[in-house]
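Structure first, commentary second.
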Amino acid sequence: MKKLQQKIGNWLTEHLELPPDVVLELPRITTIGQIHAYIENHHGLILFSDNELRLKMKQGYLKITGNKFVLKMMLPEEILLEGTIKEIVFIED
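So for the sequence shown, full-length UniProt numbering puts the first residue at 1; every next one is plus one.
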């Protein structure tokens, strides 16, 4: 079923020129250097500490490590993280 949804999503993005992050529910991560990360399309906060942020995604998790982390903004599907970012990793289920 997941493959069918992905094929339909790919078709929609190609033929209707819809953004893939919206149609396929992919995370959109915007970074400003190593000091800010703006993450959209997440499915919930799993872990937050001063050196790690872990978010649930449609398929797996997003893990951001660094230090001196502060959540500047948190909305249902958006987070603004501030601190020194060292690594961004996608972890599959």
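C-beta atoms are modelled at their ideal positions from N, C-alpha and C, and glycine is treated no differently.
All figures in this text were calculated on a predicted structure; none of them were measured in a lab.
Asked, Found
"Beta-bridge partners of residue 63, as assigned by DSSP", "54 and 89"
"Contact set for residue 25: own chain, Cβ-Cβ below 7 angstroms, skip 5 residues either direction", "41 and 58"
"Three-way DSSP call (helix, strand, coil) for residue 44 in this model", "coil"
"Beta-carbon contacts of residue 95 that lie in its chain and below 8 angstroms, excluding the five residues immediately before and after", "Residue 95 is absent from the model: the chain starts at 1 and stops at 93."
"Per DSSP, the bridge partner or partners of residue 82", "36 and 70"
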